[in-house]
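Novice: Sequence order for the protein chains is U and B. Under my numbering, the first residue of the first sequence carries the number 936, and numbering increases by one thereafter. Under my numbering, the first residue of the second sequence carries the number 936, and numbering increases by one thereafter.
There are 2 protein chains.
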Amino acid sequence: MRLSRYFLPILKEAPSDAQIVSHQLMLRAGMIKQEAAGIYAWLPLGLRVLRKIENIVREEQVKAGAVELLMPTLQLADLWRESGRYDAYGPEMLRITDRHERELLYGPTNEEMVTDIFRGFVKSYKSLPLNLFHIQWKFRDERRPRFGVMRGREFLMKDAYSFDIDEASARIAYKRMFAAYLNTFARLGLKAVPMRADTGPIGGDLSHEFIVLAETGESEVFCDRKLVEMAPPGHDLSVEQLEGVFTERTALYAATEEMHDAAQFETQTAEGDRLSARGIEVGHIFYFGTKYSAAMKANVQGPNGKDAPVHMGSYGVGVSRLLGAIIEASHDAGGIIWPDAVAPFDVVVINLRASDEAVSAACEEAVAKLEAAGKDVLYDDTDERPGGKFATADLIGVPWQLTIGPKGLAEGVVELKRRATGEKQSLSLDAALELLTK
Amino acid sequence: MRLSRYFLPILKEAPSDAQIVSHQLMLRAGMIKQEAAGIYAWLPLGLRVLRKIENIVREEQVKAGAVELLMPTLQLADLWRESGRYDAYGPEMLRITDRHERELLYGPTNEEMVTDIFRGFVKSYKSLPLNLFHIQWKFRDERRPRFGVMRGREFLMKDAYSFDIDEASARIAYKRMFAAYLNTFARLGLKAVPMRADTGPIGGDLSHEFIVLAETGESEVFCDRKLVEMAPPGHDLSVEQLEGVFTERTALYAATEEMHDAAQFETQTAEGDRLSARGIEVGHIFYFGTKYSAAMKANVQGPNGKDAPVHMGSYGVGVSRLLGAIIEASHDAGGIIWPDAVAPFDVVVINLRASDEAVSAACEEAVAKLEAAGKDVLYDDTDERPGGKFATADLIGVPWQLTIGPKGLAEGVVELKRRATGEKQSLSLDAALELLTK
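#1: In chain order, what residues of the same chain lie with their CB nearer than 7 Å to the CB of U:Glu1155, ignoring the 5 residues before and after it?
#2: Give me the DSSP bridge partner(s) of B:Trp1335.
#3: Can you confirm whether the stretch 1003 to 1012 of chain U touches the stretch 1140 to 1152 of chain U when touching is taken to mean that 3 or more C-beta pairs between the two stretches lie within less than 8 Å?
#4: Which runs of the alpha helix (DSSP H), 4 residues or longer, sit entirely within the stretch 1014 to 1071 of chain B?
#5: Three Cβ pairs or more, each shorter than 8 Å: is that satisfied between the stretch 1038 to 1052 of chain B and the stretch 1102 to 1115 of chain B?
#6: Indicate whether at least one CB of chain B lies closer than 9 Å to the CB of U:Trp1072.
#7: Once the 5 residues before and after B:Ile1052 are set aside, which same chain residues still bring their CB inside 8 Å of it?
#8: If you draw a straight line from the alpha carbon of B:Gln1203 to that of B:Tyr1250, how long is it in whole angstroms?
#9: Hey, out of U:Ala1355, U:Met1085 and U:Val1348, whose CA is closest to U:Ala1366's CA?
#10: Spell out whether any CB of chain B is found under 9 Å from the CB atom of U:Met1006.
#11: In its own chain, which residues sit with a C-beta less than 6 Å from the C-beta of B:Ala1403, not counting the 5 before and 5 after it?
#12: Using 9 Å as the limit for Cβ to Cβ distance, is U:Gly1055 near chain B?
#13: Which one or two residues does DSSP pair with B:Tyr1227 in a beta bridge?
#14: Rounding to the nearest angstrom, what Cα-Cα distance links B:Lys1073 and B:Val1254 in this structure?
#15: Thinking just about the alpha-carbon of each residue, which of B:Tyr1222, B:Val1282 and B:Asp1099 is nearest to the one in B:Gly1135?
#16: Could you tell me the distance, in whole angstroms, from the CA atom of B:Ala1363 to the CA atom of B:Arg1320?
#17: For U:Val1002, return the contacting residues in chain B, with the cut-off set at a CB-CB distance below 9 Å.
#18: From the beta carbon of U:Pro950, is the nearest beta carbon of chain B less than 9 Å away?
#19: Kindly indicate which residue of U:Pro1064, U:Val1057, U:Lys987 and U:Ala953 has the alpha-carbon position closest to the one of B:Leu946.
#20: Using Cβ-Cβ distances below 7 Å, what residues of the stretch 962 to 986 of chain U are close to chain B?
#21: Would you list, in chain order, the members of the stretch 1088 to 1118 of chain B that have their beta-carbon closer than 7 Å to a beta-carbon of chain D?
#22: With burial defined as no fewer than 16 other Cβ atoms inside 10 Å of the residue's Cβ, what is the status of U:Asn990: buried or exposed?
#23: For a contact meaning CB atoms closer than 7 Å, what does B:Asp1033 contact in chain U?
#24: Residue ranges of each alpha helix (DSSP H) run of no fewer than 4 residues wholly in the stretch 965 to 999 of chain B, ordered along the chain?
#25: Tell me B:Ser1157's beta-bridge partners as DSSP assigns them.
#26: Let me know if U:Gln954 comes out buried or exposed under the rule of 16 or more other beta-carbons within 10 Å of its beta-carbon.
#27: Residues of chain U with a CB under 8 Å from the CB of B:Gln959: which are they?
#28: Does the stretch 975 to 982 of chain B come close enough to the stretch 936 to 946 of chain B to have 3 or more Cβ pairs within less than 8 Å?
#29: Measure how close the beta-carbons of B:His1195 and B:Phe1157 come, nearest whole angstrom, since I'm counting them as under 8 Å.
#30: Report yes or no: is there a C-beta of chain B within less than 9 Å of the C-beta of U:Ile1048?
#31: Since B:Pro1080 is in the alpha helix (DSSP H), which residue starts that stretch and which ends it?
#32: Tell whether a beta-carbon distance below 9 Å holds between U:Asp1315 and U:Ala1328.
#33: Using 9 Å as the limit for Cβ to Cβ distance, is B:Pro1262 near chain U?
#34: Going by C-alpha distance, which of B:Gly1025, B:Glu1346 and B:Gly1340 is nearest B:Asp1418?
#35: On the three-state DSSP scale, how would you describe B:Ser1265?
#36: Near U:Asn1239, which residues of its chain fall below 8 Å by C-beta distance, leaving aside the five closest residues on each side in sequence?
Below, the structure written as structure tokens:
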């Protein structure tokens, strides 16, 4: 992508109402533009990262056996009356009346609708287990939206819903998603710790939040340091392996501020392993049994020939929120430092003198070769001054910067900089391309 | 994908309120489920086709130089007051009030918001030309939603917006999108004819609809037969080539019922070339100059140093509607016949006796090899009877059916059927796989 033909509106300064660093950096890097309180347009750079995160989340759901569908943003109020949540949900639910005076709402979550889909088609235990997920825009009418995409009103969420014949198999489905989340966040370059959580308005008796540790996190968390460093469990796990993954982690202390028990923390965790830190919630999983299926008559016939309500769990990831969480966890004074897996571009090629034919030819050769190797390349072909180009490249956080200028080219060298470490090396263009595409 | 682990709720009969064949077939094939009038959930099979269409539309936009962003579904009413359309739009606009009594709406289109984004960042002709597009859910509160996804209320639309310094360059941008649409619909396997159109509430003086010909189309259309058979123009066209593509097509008669002039049709078109047919609108493009930019003060500084409103056009494709249009244009008594490019799976492997180890081993080998070759494979590993499996495979319209059973396997043959023609051949598994992956 040539920067001269792209739409990357960099701001010199963030608006003063952006209070946290991820919000400031997303505005400065031209990733988002606010269109109303808590409602954002995703500018091209922001959308690229959003899609990369979404795709990783999707791939890990599919690897865990979940099947993707897509529910609409608007729902019938009557569906929520069946579960009893229409009145209970309160002012965070955006309630809408259409031209025929029918009551709709902008879905804040989808337990009711997915239960309706399930009961419309599935009648027998033979169709189970089943896990259906979608990645769709949601709306929660926060009283005080703030912190950019971290607490927006219109936000992108992945929500999965498991259906099982009994509690025992539902708990296995829960643990499968627990493991899938560990894999997902690791691929996103995050250290996310599962913490036992309150079930809140979703209901149920088993729930974990996944918390990313970041100095600027929204809340205080307490956990065993060993949890932070554990490797992700990987794929295609047997039920025994899933139990092992779950037990190994939940045996260690981990709690958010509201669930924290200082005495238990001290008993359970050696002093050197006690970590208290700030955290950001990026995922939340629930097992809630027959709460919705019983209310909404989502019954399946069991092997005994009798109908009974299906056992369910739900599993959410805040996809748009993850951009903020990743930036909070990975930035410096110069700007964003994207983990490789979610970076909007793999490399930015910086042309130090766009008016110089030899420099431009070398840049275009580099871009063509990198793209042929499957890399996403941003080519800064503008005539801005070098200092501005370097500042932009640092700000938008592309993992590699390949700089080509007339002086170096005369000496047969280009400069390659790794954004995360700041490490620079001078080398031939061929050597740089080999390093970037190996 | 193993059918036993998938979610494909086939219906024996379509609900009686489904009036047109695409709606009936999408319901029967388990592609959609209605959640409210004109509001559908996309079940896994439907979502796969929706994403394939969306990706083709996206790729052709990018090839034509448009840059993708993503605007939110909800918009501020005040933005539409600036253009004067808030009151003018009427009851089709879904108007919403949030908890703080702020007036929002569910975007039916995005001229206002994209103009707001443009004016927030772009100040000089040096940043032009620019074409921004997004693919996002829209809502139009149709008085009488019907025909499934063909006239839904919540629907997926690709909308692009071009920005140019003057009318001459804006008309080039228009022709670039005109050519991109021809390429897009051809890739989707459709014969779509551009027809001069009324500009309606969008405004402007230049507009074309793209109409798919189908016997069951919603309206009558009239055109020169030569238009239907013209090859798509291809990519990377010069301005001269774009002018040629546009002139060559617009010189031939083509009109929807409301724009039809029978006398002119006869004068302009030889009798043998006069085609009157039924059609479905799948795209609509507009040049409307400074209608929105003047009202909303989206000015850019020209080379002369003076500010003037930017010249704009907008370009829509009904992405979710295209599923209906494709089915209307391509089906038979047995079900859907997907064009290869948009099929939910490339091939369905039908196991005629899932209890037979040799048959299952051959099927799994076929699935593994096809997937290794990059094919999307549905594997019918269920224990349904063969007749039901064939009927399902025909109904869901996968282009190739590879059937493996005990009798054929003993003779060293499998059966390969092409859905579109019904042509069947018996051949060795290796020969079948070679044919499918070549």
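Every residue, glycine too, gets a C-beta built ideally from N, C-alpha and C. None of the values given here were measured: they were computed from a predicted structure.
Specialist: Straight from the coordinates:
#1: So the qualifying residues of the chain are Glu1192, Ser1211 and Arg1213.
#2: B:Val1282 and B:Arg1353
#3: no
#4: 1020 to 1023 and 1046 to 1056
#5: no
#6: yes
#7: Leu1004, Met1006 and Leu1067
#8: Going by the C-alpha atoms only, they are around 28 Å apart.
#9: Taking only the C-alpha atoms, the option nearest U:Ala1366 is U:Val1348.
#10: It does; some Cβ of chain B falls within 9 Å.
#11: Nothing in the structure corresponds to residue 1403 of chain B, since chain B is present only between 936 and 1373.
#12: yes
#13: Note: B:Tyr1227 sits in no beta bridge, so no partner.
#14: 11 Å
#15: B:Tyr1222
#16: Residue identity check: residue 1363 of chain B is Ser in the sequence provided, not Ala. Distance between the alpha carbons of B:Ser1363 and B:Arg1320 is about 23 Å.
#17: Simply Met936, Arg940, Tyr941, Phe942 and Pro979.
#18: No - not a single Cβ of chain B is within 9 Å of the one on U:Pro950.
#19: U:Val1057
#20: Lys968, Glu970, Ala971, Ile974, Tyr975, Ala976, Trp977, Leu978, Pro979 and Leu982
#21: Annotation note: the requested chain D is absent from the structure, which comprises protein chains U and B.
#22: exposed
#23: Leu1029 and Asp1076
#24: 979 to 998
#25: Strictly speaking, residue 1157 of chain B in this sequence is Phe, with Ser absent from that position. Beta-bridge pairing links B:Phe1157 to B:Ala1190 and B:Ser1211.
#26: In summary, U:Gln954 is exposed, with fewer than 16 beta-carbon neighbours lying within 10 Å of its beta-carbon over all protein chains present.
#27: Within 8 Å Cβ-Cβ: nothing; B:Gln959 doesn't reach chain U, min ~17 Å.
#28: yes
#29: 5 Å
#30: Position check: residue 1048 of chain U holds Met in this sequence, whereas Ile was assumed. By this cut-off, U:Met1048 is an interface position.
#31: Per DSSP, B:Pro1080 belongs to no alpha helix (DSSP H) and is neither H nor E.
#32: yes
#33: Residue 1262 of chain B is actually Ile in this sequence, not Pro. With 9 Å as the cut-off, B:Ile1262 does not count as an interface residue toward chain U.
#34: Coverage of chain B is limited to positions 936 through 1373, which leaves residue 1418 of chain B absent and any answer about it impossible.
#35: coil
#36: none
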